[in-house]
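Shown next, in structure tokens, is the structure this report addresses.
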Amino acid sequence: MASQHQPRKPDPETGDAIAALLLAWYDRHHRELPWRVAPRELARGARPDPYRVWLSEVMLQQTGVETVKPYFSAFVEKWPTVEALAAADTEAVMKAWAGLGYYSRARNLKACAEKVAALGGRFPDTEAGLRELPGIGPYTAAAIAAIAFNRPAAVVDGNIERVVSRLHSIATPLPQAKAEIRERMEQLTPASRPGDFAQAMMDLGATLCTPRKPRCMLCPLVEKCSAVIAGDPEFYPVRPAKAEKPLRRGAAFVAVRADGAILLRKRPDKGLLGGMSEVPTTNWTARSDGEATASAAPFLADWRRVGSIGHVFTHFSLELEVFRAKTGGDTPAGHFWSLPIDISGEALPTVMKKAIEAAIPGATRKTLKRPA
DNA sequence: TACTCGTGGAA
DNA sequence: TTTCCAAGAGT
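Each position in the first sequence, counted from 1, maps to that position plus 101 in our numbering.
Shown next, in the form of structure tokens:
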């Protein structure tokens with residue numbers, strides 16, 4: 102039923118008052134962000150560019166604002182429009198995304214750009230229409246609808262889950278509480294300025310209503326906050342305990358050619374680090390398998406252990422023993438050589454840059470621009 | 001519903 | 001140091 106995703110009439114006793122208080126706070130204290138159109142500009146008639154709103158929202162999925170900023174700048178400079186991104190090489194997009202994590206986002210970004218370009222370069226302007234595009238889920242569809250198209254969509258992200266669960270002292274643990282939080286957000290969302298309201302809720306969660314030590318004395322909603330009245334805002338939201346991360350081990354092989362080139366290969370499109378490049382490695386297993394290292398190298402060589410690196414993924418930790426060898430120019434099937442000037446621009450995830458750095462310090466550091 | 005899927009900053 | 005967790009989506 103589409104109707105259950107439509108906002109309800111705001112409750113005049115609480116919803117309207119809260120929205121008004123929060124928007125007044127936002128007008129004075131909103132963050133200045135590269136992808137954001139400030140309320141003053143909106144009042145003058147400026148409209149957000151849906152392409153920039155979409156790009157920023159995808160980058161911000163589970164990713165901090167400060168981390169996203171340089172990537173956002175690089176993307177809009179390289180690809181100023183959705184048509185430009187649609188026409189880009191997928192490999193170039195993966196390279197530009199390298200280091201940002203959750204690499205399926207980059208593939209979905211490209212696929213989404215192609216679909217939107219096929220629609221004449223215009224994004225759908227409804228939640229339902231946006232929801233059909235790859236990489237756009239419930240949150241992102243609502244955020245784009247509200248921010249770019251002024252639709253009164255109920256936007257719910259991690260910040261808003263925290264703010265709303267405190268505002269209404271919702272003790273139900275996540276993710277069970279999501280339905281109730283959504284209903285509350287639907288009641289709160291105003292018909293006027295829904296995009297600013299969503300961003301105001303997120304700014305509040307990011308700057309005042311923080312996970313630990315919330316600064317309630319500065320909060321515009323402190324008098325409306327049930328958790329504050331109850332005396333323990335930090336108790337909310339209630340989350341289940343997390344599972345412990347298992348440790349996996351493996352070995353990585355950095356083969357260096359006489360001209361300094363490093364041997365790389367491309368990972369499968371799906372799965373962990375999908376579509377990204379890597380130095381050859383063994384399988385990553387729960388046990389340490391020293392036996393497998395020599396046979397798992399791309400070829401026989403004078404492999405020397407140069408150290409080890411550690412890396413933490415979402416659901417496991419990894420320790421890689423790093424080996425290096427000087428080799429000839431043969432190219433094993435499925436591999437390719439990357440020259441020193443190209444290394445920093447390769448689609449290398451952070452864990453692979455760590456491995457290369459352990460073998461050749463400075464190799465992945467950004468150097469001079471490649472001559473045109 | 002429950003996993004999978006990165007990374008880095010803050011406390 | 002460890003732990004948490006950030007503007008979640010796909011399967």
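Where a beta carbon is used, it is the ideal one built from N, C-alpha and C, also for glycine.
Ordered along the chain, which non-local residues of its own chain (more than five positions away) have a Cβ less than 7 Å from that of residue i?
i	result
residue 347	387, 417
residue 433	399, 400
residue 472	In this predicted model, residue 472 has a pLDDT of only 39, less than 50, meaning its place in the structure is not dependable; the value taken from the coordinates is given anyway. Result list for residue 472: empty, nothing under 7 Å.
residue 215	187
residue 369	375
residue 459	407, 408, 410, 423
residue 207	194, 195, 198
residue 179	197
residue 129	none
In its own chain, which residues sit with a C-beta less than 8 Å from the C-beta of residue i, not counting the 5 before and 5 after it?
i	result
residue 475	Residue coverage of the chain in this structure runs from 102 to 473, which leaves residue 475 outside it and unanswerable.
residue 119	268, 289, 322, 325
residue 457	355, 363, 380, 444, 449, 464, 465
residue 461	355, 357, 363, 425
residue 262	275, 278, 279, 282, 338
residue 125	321
For residue i versus residue j, is the C-beta spacing smaller than 9 Å?
i	j	result
residue 268	residue 328	yes
residue 201	residue 168	yes
residue 301	residue 352	no
residue 385	residue 350	yes
residue 400	residue 428	yes
residue 148	residue 138	yes
residue 156	residue 176	yes
residue 294	residue 140	yes
residue 337	residue 266	yes
residue 419	residue 408	no
residue 143	residue 297	yes
residue 170	residue 194	no
residue 332	residue 204	no
residue 304	residue 172	no
residue 236	residue 213	yes
residue 335	residue 313	yes
residue 367	residue 378	yes
Can you tell me which of the options puts its alpha carbon nearest to the alpha carbon of residue i?
i	options	result
residue 445	199, 175, 261	199
residue 132	120, 146, 166	166
residue 217	314, 232, 204, 205	232
residue 278	317, 341, 414, 146	341
residue 442	430, 467, 451, 455	467
residue 423	404, 414, 431	404
residue 191	318, 447, 170, 153	447
residue 413	451, 145, 262, 315	451
residue 309	189, 173, 275, 260	260
residue 402	236, 311, 431, 122	431
residue 174	123, 163, 116, 153	153
residue 254	286, 262, 271, 275	286
residue 238	373, 163, 359	163
residue 455	421, 435, 436, 437	421
residue 311	189, 264, 344, 271	264
residue 345	415, 359, 373	415
Taking 6 Å as the limit between beta carbons, can you name the residues of its chain near residue i, skipping five residues before and five after?
i	result
residue 240	258
residue 392	Note that residue 392 scores 47 on pLDDT, short of 50, meaning its location in the model is unreliable; the coordinates nonetheless yield the value given after this. Excluding positions up to five away in sequence, the list is empty.
residue 256	243, 244, 247, 299
residue 151	224, 249
residue 319	309
residue 316	309
residue 121	none
Practice item. Determine, using beta-carbon pairs with one atom in the region 281-290 and one in the region 357-367, whether at least three such pairs fall under 8 Å. Key: no
Review point. Does the region 222-237 touch the region 176-185, meaning 3 or more C-beta pairs lie closer than 8 Å?
Key: yes
Check your understanding: What residue ranges within the region 208-286 form continuous alpha helix (DSSP H) runs of no fewer than 4 residues, ordered along the chain?
Key -> 228-232, 239-250, 259-268
**Study point:** Complete beta strand (DSSP E) runs within the region 325-387 (minimum length 3 residues, chain order)
**Key:** 348-357, 363-367
Exercise for review: Return the chain-ordered ranges of every beta strand (DSSP E) run that is complete within the region 394-463 and spans a minimum of 3 residues.
Suggested key: 405-413, 418-427, 436-439
Exercise for review: Would you list, in sequence order, the uninterrupted alpha helix (DSSP H) runs of no fewer than 4 residues that lie entirely inside the region 136-197?
Suggested key: 140-144, 151-160, 166-179, 183-188
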